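One structure is given below, encoded as structure tokens.
Numbering (full-length UniProt numbering), first residue to last: 1 to 200.
So, in structure tokens, the structure goes:
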């Protein structure tokens with residue numbers, strides 16, 4: 001959130017709308033950038049007519065910075081914030097954050113990464129210690145499941161079907177969770193038996 005949104009007291013309201021749209025706040029912070037840091041952030045716009053105004057504005061007050069998570073987060077975020085010009089946003093996307101809270105193309109309340117590469121760069125800029133591993137795609141998720149989980153899970157489901165522990169779904173889930181803990185192939189062996197920490 002840019003200084004105009006923070007100064008106007010819209011932080012909680014905007015955050016509520018963000019969370020209501022299904023975004024999860026992975027991490028967040030607030031700060032006031034120096035002019036030099038603002039110039040570093042917008043270095044890709046250096047030479048552009050708006051560079052001076054943007055860097056002066058971004059360093060003019062407190063900003064709130066969030067790493068947000070959601071499936072198709074960048075696309076969904078761009079839709080939620082709307083066009084960079086709040087006047088255009090009010091015509092084309094009247095429910096967007098910029099339509100509601102922005103006043104002009106500089107003071108437009110919120111920033112949004114427009115690509116995955118830009119998001120990675122911006123996360124590194126504000127949160128250098130955050131792990132930025134990309135989310136797994138469907139193919140790598142299936143490969144991981146097949147290699148590391150399928151065998152144990154099939155054994156557990158087979159044991160569950162044979163044991164028929166209870167009709168209550170919660171009891172069934174608890175039984176399977178306990179079985180998976182006791183039969184986890186990654187647990188260390190102690191005197192030939194798996195070391196188990198039970199569910200409490």
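Even glycine gets a Cβ: it sits at the ideal position worked out from N, Cα and C. Keep in mind the model is a prediction, meaning the values are calculated, not measured.
For residue 115, no alpha helix (DSSP H) encloses it, and the DSSP letter there is neither H nor E. Ranked by Cα distance from residue 126, the options 48, 65, 80 and 9 are led by 65. Under the DSSP definition of a beta bridge, residue 34 lacks any partner. Rounded to the nearest angstrom, the Cβ distance from residue 149 to residue 14 is 39 angstroms, too far for a contact under 8 angstroms. Around residue 40, the same chain offers 125 as residues with beta carbons nearer than 8 angstroms, after the five sequence neighbours per side are excluded. Distance from the CA of residue 34 to the CA of residue 3, rounded to the nearest whole angstrom, comes to 13 angstroms. 23 is the residue among 23, 63, 137 and 27 whose C-alpha sits nearest the C-alpha of residue 76. Scanning 61, 36 and 179 for the CA closest to the CA of residue 52 turns up 36. Taking residue 158 as reference, the option from 180, 69, 87 and 82 with the minimal CA-CA separation is 180. Exposed is the label assigned to residue 91, since fewer than 16 other Cβ atoms lie within 10 Å of its Cβ.
Partner residues in the beta bridge of residue 28, as assigned by DSSP, are 66.
In the three-state DSSP reduction, residue 60 falls in the coil class, being neither helix nor strand. Approximately 17 angstroms separates the beta-carbon atoms of residue 68 and residue 6; this is outside 8 angstroms, ruling out the contact. Per DSSP, the continuous alpha helix (DSSP H) segment holding residue 91 begins and ends at 86-92.
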